[in-house]
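With this note's numbering, letter number 238 in the sequence shown gets 226, and the count goes up by one each step, no holes.
All residues carry an ideal CB built from backbone N, CA and C; glycine is no exception.
What follows is a set of notes on a single structure, which appears directly below.
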Amino acid sequence: MNPEISIVNSVRAQLGEGPFWYDGALYWVDILEKKIYRHFLQGDRVEEMQLDYYVSAIAPRKKGGFILAMKNGFSFLSGFNGTVTGIIDPEADKPRNRFNDGKCDHAGRFWAGTMALDASPGQGTLYMLDTSCQIHKKYSPVTISNGICWSLDNKQMYYIDTPTQQILVFDFDLLNGEIRNSKALVTIDKDGGSPDGMTIDANGCLWIALWGGGAVICYDPKSNKFLYKIDLPVSQVSSCAFGGENLDELYITTAKADLLKKEQLAGALFKIKTGIQGLPTSSFNG
């Protein structure tokens, strides 16, 4: 695959993350700058929202507004540039931790994991916030909790703890949100970068951002084969999500933190036309 790569807008994030497509716009965050962005395809308009804490993951809420994973736990956001209302902070006793990547499953539960600010080993946990806003500790210890998504039949959950270089797969029960029987699905060669954010397409293939590897790769769990590699002109590739009117454009977030000036496009939001469809974003149902 040699698709045309385009730059979506002029935003250059310190640590771009958490992209998703919703209601005609691409949303993403800059964790270190404590900002949420959205880019409307129609009119080519970019909006930003400044927050008081690190924000690492955001998902739409069926009742309106959004749910956030932040430095100080889970919160509701009443609307873009609206009011933030705290829900629960499962790590109030760990001031040197923050949340990282997160996403909703198809039953409307919000999953997000934590990490130490200095990435100290084993300090993080993967949590699930159910539709009654009760918190559940699902998997620990982890070091840098990252990409998460679910198989098309909702029988498996895929998950990344970045320093392990592995994509883990769990048996998943959609009804109650239980995960069990974790195993390594595939291991990424560290020379090619470390697995970070992840999404799944309508064929059940995983698209994985390679932090430090300057690329996104596509892996097919059914055939156990890597299908595509898309190289980007920056090294710190953080996450990806399908969007656009037909959900056939892959949006890719990147970071410019600690990079040399030679990477002029570091932190940009990239877009590629894949010809492959993604899936609609799942919303929080609480």
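CB-CB under 6 Å to residue i, same chain, minus the five flanking residues each way: which ones, in chain order?
i	result
M116	R97, W99, H124, K126, G165
L215	C206, D208
R26	A13, Y15, E35
D189	I264, G266
Y239	P7, L14, A229, G231, K259
K59	Y41, Y42, R86
P129	G110
D93	W138
L293	Residue 293 is absent from the model: the chain starts at -11 and stops at 274.
Return the Cβ separation of residue i and residue j in integer angstroms, given the expectation that the two are a contact with Cβ distance under 8 Å.
i	j	result
G263	L14	So it is not a contact: roughly 18 Å between Cβ atoms.
A203	K217	5 Å
A197	S227	5 Å
T131	P109	5 Å
L235	W9	7 Å
G180	W199	The pair is not a contact, with the Cβ atoms about 11 Å apart (cut-off 8 Å).
T175	Q154	5 Å
Which one of the options has the shortest CA to CA distance from residue i?
i	options	result
G67	S133, A57, G53	G53
Q265	T187, G101, D246	T187
D89	D81, E79, M103, K82	M103
K178	Q224, V(-4), G201, I132	G201
L173	L163, D161, D149	D149
P(-9)	S270, K259, T269, P268	K259
I136	V(-4), Q122, I167	I167
K250	T73, V(-1), S182, S223	S223
D184	S270, L247, E5, D11	E5
N(-3)	F28, Y10, G61	F28
I24	Q154, A57, S270	A57
F64	C121, K82, Q30	C121
A45	G31, Q30, K91, K143	K91
Assign residue i to one of two classes, buried (16 or more other C-beta atoms within 10 Å of its C-beta) or exposed (fewer than that).
i	result
L114	buried
Q111	buried
I76	exposed
T242	buried
K50	exposed
A47	buried
L220	buried
I55	buried
D18	buried
S(-6)	exposed
E233	exposed
A107	exposed
L194	buried
T269	buried
G61	buried
Note down, in chain order, each residue of its chain lying with its Cβ closer than 8 Å to the Cβ of residue i, except the 5 sequence neighbours on either side.
i	result
T119	A95, G96, R97, F272, N273, G274
K22	Q38, L39, D40, Y41, Y42, V43
G70	G53
N85	E79, T102, M103, A104, L105, Q111, G112
L156	Y146, Y147, I148, D149, S170, K171, A172, L173
L163	A95
Taking DSSP's pairing of strands, which residues face residue i in a bridge?
i	result
K171	V157
F68	In the DSSP output, where bridge partners are listed per residue, F68 has none listed.
Q224	W199
G231	E237
H94	For H94, which the question treats as bridged, DSSP gives no partner whatsoever.
D189	G266
S(-6)	K259
P183	L198
Y146	C137, V157
Between residue i and the rest of its own chain, which residues show a CB-CB distance below 7 Å, the 5 nearest in sequence each way excluded?
i	result
A245	Q2, L3, L20
S133	N88, D89, G101, T102, M103, G112, L114, D149
D343	For the chain, the structure presents residues -11 to 274; residue 343 sits outside this window and is missing.
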